[in-house]
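First up is the structure itself, then whatever we jot down about it.
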Ligand SMILES: [Zn+2]
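Residue numbers (the working numbering): 5 to 277.
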């Protein structure tokens, strides 16, 4: 990293009225792996699509079996230097809005309040029939109770709390909604599903009056995040990218800082104060 890049980032943060957009690269130091490598390619098989999840009971058995086994690790994840630096930026009154594509809730855990969870939260569950929201933790207890033979499996955790298991998914007992018996889904936006319009509108209106858009830890390969870079470019709002590796917004950005996002943000905040 060049000193001048961090200084330029510090100058931009010092101006205030910043909208920040974060992705998986912010949470990797918390032990939550990224979906994509530094070139923006899938690291493992692509995550489950919405149509697949709603399409067959076996797809849901596979999803919830993996989710149950991976949950302990997701629930244990704690904010890292990047989350803390962004919470501090808000505390200093320099942040207009933090938009995150992450579903791990770690920005809120670090103390950020002005957060739009663009893709939802993994710690909530929604019923596809009656739309009732409930806590993922409560569902975990039901799943563990109903599926003792799946507890303690060896696994590899992925960015969405999913894991790879070598088991017979057809034997997994999926818990239904306690209110109506309907199908439960994590309250996250699956691939192939739209981000709720209200979240996009809130984010866009914050961006319209921002002095800069800072993209942190995201390759922006998914349109739901990339659209904010495009909107900023259209509005003439400068874009800064803080990321390890290439991003889809590189050509739109006025400033690119490559490296560990936690260290870069900490360094820039120190220089800005
Ligand atoms: Zn229900």
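Where a beta carbon is used, it is the ideal one built from N, C-alpha and C, also for glycine.
With 16 or more other Cβ atoms from the protein chains shown falling within 10 Å of its own Cβ, residue 252 counts as buried. For residue 189, the uninterrupted beta strand (DSSP E) run begins and ends at 188-192, by DSSP.
For residue 129, the three-state secondary structure derived from DSSP is strand.
A distance of 8 angstroms or more separates the beta carbons of residue 69 and residue 195. In this structure, residue 187 keeps its C-beta atom at 8 angstroms or more from the C-beta atom of residue 255.
Taking each of 21, 145, 219, 272 in turn and checking the Cα distance to residue 258, the smallest one comes out for 219.
C-alpha of residue 37 to C-alpha of residue 106: approximately 11 angstroms in a straight line. For the pair residue 124 and residue 95, the Cα-to-Cα distance works out to about 23 angstroms. Those residues that have a beta carbon less than 6 angstroms away from any non-hydrogen atom of ligand 1 are, in order along the chain, 131, 133, 134, 136, 181, 183, 184, 186. Here residue 27 has 105, 221, 222 as same chain residues with Cβ atoms under 6 angstroms from its own Cβ, once five neighbours each way along the sequence are excluded.
Looking at the DSSP output, residue 62 sits in no beta bridge, so it has no partner there. Judged by their CB atoms, residue 103 and residue 130 are not nearer to each other than the 8 angstroms cut-off.
For residue 113, the closest of 137, 97, 81 by C-alpha to C-alpha distance is 81. The beta strand (DSSP E) runs of length 3 or more contained entirely in the segment 66-122 are, from start to end of the chain, 99-104, 119-121. With a beta-carbon spacing of about 7 angstroms, residue 246 and residue 13 fall inside the 8 angstroms limit used to define contacts.
Residue 236 and residue 262 have their C-alpha atoms spaced approximately 21 angstroms apart. As DSSP reads the structure, residue 26 sits in a beta bridge with 104, 220. In the three-state reduction of the DSSP assignment, residue 246 falls in the strand class.
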